[in-house]
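Here the protein sequences line up with chains A and B, keeping their order. The numbering of the first sequence is the numbering used here, which starts it at 89 and goes up by one. The numbering of the second sequence is the numbering used here, which starts it at 442 and goes up by one. Note that the Cβ used here is the ideal one computed from N, Cα and C, for glycine as well. It should be emphasised that the depicted structure is a prediction, and the values quoted were computed from it without experimental measurement. Inspection log for the structure reproduced underneath, given as structure tokens.
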Amino acid sequence: MGFITELDILRKKFEFVICDQMEGSASVGSKFMRRFNWRIDNEKFWTSPRKKAYDPGIFERTGMRPSAIGGKIVVEQVVAGSVAEQAGIKLNDEIIHVNCSPVGISSLLSIGEIFRTKTATSTTFEVKREGVSKNVSIVIKLPEFSVQ
Amino acid sequence: MIDTGSNRTAMNPASDFYEKFTFTKKGVMISNDLHIDAEEGILKNIRFGGQDISNINVVAYEFPESKRIVGKEYAMILGMDILKQFKMELNFDDGLLKIGEFVPAEKGWEKIPVTIYEGRPYVECAIGEIEGTFLIDSGSNTEIRFPESEFEYLVNDSTIQMIENQ
Chain A
89 MGFITELDIL
99 RKKFEFVICD
109 QMEGSASVGS
119 KFMRRFNWRI
129 DNEKFWTSPR
139 KKAYDPGIFE
149 RTGMRPSAIG
159 GKIVVEQVVA
169 GSVAEQAGIK
179 LNDEIIHVNC
189 SPVGISSLLS
199 IGEIFRTKTA
209 TSTTFEVKRE
219 GVSKNVSIVI
229 KLPEFSVQ
Chain B
442 MIDTGSNRTA
452 MNPASDFYEK
462 FTFTKKGVMI
472 SNDLHIDAEE
482 GILKNIRFGG
492 QDISNINVVA
502 YEFPESKRIV
512 GKEYAMILGM
522 DILKQFKMEL
532 NFDDGLLKIG
542 EFVPAEKGWE
552 KIPVTIYEGR
562 PYVECAIGEI
572 EGTFLIDSGS
582 NTEIRFPESE
592 FEYLVNDSTI
602 QMIENQ
């Protein structure tokens with residue numbers, strides 16, 4: 089995973105666009121599409137700027153990526169220097185509670201929603217690491233990724 | 442899942458709907474640029490956005506990433522074959538998919554030049570001096586995605602800067 093400092097698309101320039109790799113066509117995905125509202129009529133497309141500011145998701149805000157793995161919500165990726173790493177989140181931490189509410193597989197989207205709707209708010213995660221529970225508080229803000 | 446990157450509507454064999462549906466012939470679905478042979482059948486009726494659609498051809502297709510991304514299986518992918526039958530708005534401000542009549546050219550909306558190839562929408566883009574065509578893929582859980590060879594090329598010439606992982 090990486091980022092492009094400037095991308096010219098849809099007749100506009102965008103800075104700091106996250107990109108990754110996969111077989112198939114080069115594509116703009118749903119996380120990019122969220123920067124606009126879209127209208128589709130037959131095979132014609134229109135865009136309109138969002139009334140609310142574009143709000144990045146859990147990864148962009150914290151630098152950690154939780155995934156549903158083996159019936160658990162597990163931290164699959166932590167970016168060096170991110171707020172998640174600074175708060176003490178580690179790779180393979182299992183997320184048990186968020187703000188004292190239990191977390192199940194079906195609530196992965198709800199976790200994302202917490203990060204989309206709050207800024208500069210301390211969110212407490214109870215994580216299990218090597219069988220031991222631990223509370224970690226993350227203050228949500230825009231990311232400070234380290235770059236090779 | 443609303444998937445502008447899929448030319449076909451597909452049913453997930455892992456969903457509860459699958460056992461109640463009969464696939465009768467061979468079909469082809471384009472996903473990640475691969476032409477995938479798939480079982481195909483006719484869905485007599487589907488209610489979508491409060492509207493009924495009849496006799497939709499669907500293919501059986503597994504969505505390997507869906508459970509990892511959202512923690513549960515999608516029942517179906519609604520591909521461009523269905524989506525192009527509607528005037529629809531993906532309104533991310535309100536978190537709504539709006540279906541019905543609207544005036545596309547009204548103030549604040551900009552038509553974007555899209556090329557349809559094999560039933561899927563593509564748009565032009567430029568990264569510095571490099572120009573290319575990108576698939577508009579609402580079914581991809583990413584911002585921008587490159588084929589591996591292009592990604593490596595762009596990393597090597599420092600157009601893409603890597604994010605360091607643990």
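Contact check between the stretch 110-118 of chain A and the stretch 517-524 of chain B: fewer than three CB pairs, one atom from each, fall below 8 Å, which does not count as touching. Counting of Cβ neighbours within 10 angstroms places B/A567 among the exposed residues, the total staying below 16. In the structure shown, B/L524 adopts helical secondary structure according to DSSP, grouped into three states. In the three-state reduction of the DSSP assignment, A/F124 falls in the strand class.
Under a 10 Å Cβ-count criterion, B/S599 is classified as exposed, with fewer than 16 other Cβ atoms of the shown protein chains found around its own Cβ. Residue pairing of B/Q492 in beta bridges, as defined by DSSP: B/F489. For the 7 Å CB-CB criterion, A/I106 and B/E584 form a contact. Taking the Cα of A/L98 as reference, the smallest distance to any Cα among B/E565, B/I443, B/G446 and B/I557 is reached at B/E565.
Residues of chain B whose Cβ lies closer than 8 Å to the Cβ of A/N223 do not exist, since the nearest Cβ in that chain is about 21 Å away.
Closest in C-alpha terms to B/I487, from the list B/M452, B/G468 and B/Y502, comes B/M452. Sequence-distant Cβ neighbours of B/L484 in its own chain, meaning closer than 6 Å and more than five residues away, are I497 and V499. Between the alpha carbons of A/V220 and A/G151 lies a distance of about 23 Å. For the stretch 89-109 of chain A, the set of positions with a beta-carbon nearer than 8 Å to some beta-carbon of chain B reads M89, G90, F91, I92, T93, E94, L95, D96, I97, L98, R99, V105, I106, C107, D108 and Q109 in chain order. In the three-state DSSP reduction, B/E460 falls in the helix class (H, G or I). For B/T583, the neighbours in chain A by C-beta distance under 7 Å run, in chain order, D108, G117 and K119. The criterion of a C-beta distance shorter than 7 Å is satisfied by A/R127 and B/E530.
Taking all protein chains shown into account, B/S495 has fewer than 16 neighbouring C-beta atoms within 10 Å of its C-beta and is therefore exposed. A/S113 is not bridged by DSSP to any residue. Setting aside the 5 residues that flank it on each side, B/E542 is surrounded in the same chain by K528, each with a C-beta closer than 8 Å to its C-beta; the list follows chain order.
Taking B/Y563 as the centre and dropping the five residues before and after it, the same chain places the C-beta of T556, T574 and L576 closer than 6 Å to its C-beta, in chain order. Within the stretch 481-499 of chain B, no residue has its Cβ closer than 9 Å to any Cβ of chain A. If you draw a 10 Å sphere on the C-beta of B/I571, you find fewer than 16 other C-beta atoms in it, and that means exposed. Contact annotation: B/A455 and B/E514 have beta-carbon atoms nearer than 7 Å. Annotation for B/L595: the continuous alpha helix (DSSP H) segment containing it runs E589 to N597.
Following the DSSP letters along the chain, one finds B/K539 inside the beta strand (DSSP E) bounded by residues L537 to I540.
For A/T150, no chain B residue has a Cβ inside 8 Å of its Cβ, as the nearest lies near 13 Å away.
The beta carbon of B/I553 is closer than 7 Å to those of V564 in its chain, skipping five residues each way along the sequence. Interface criterion not met: the Cβ of B/G541 is under 7 Å from no Cβ in chain A. If you draw a straight line from the Cα of B/D535 to the Cα of A/P137, it is about 13 Å long. For the stretch 590-601 of chain B, residues whose beta-carbon sits nearer than 7 Å to a beta-carbon of chain A comprise E591, F592, V596, T600 and I601.
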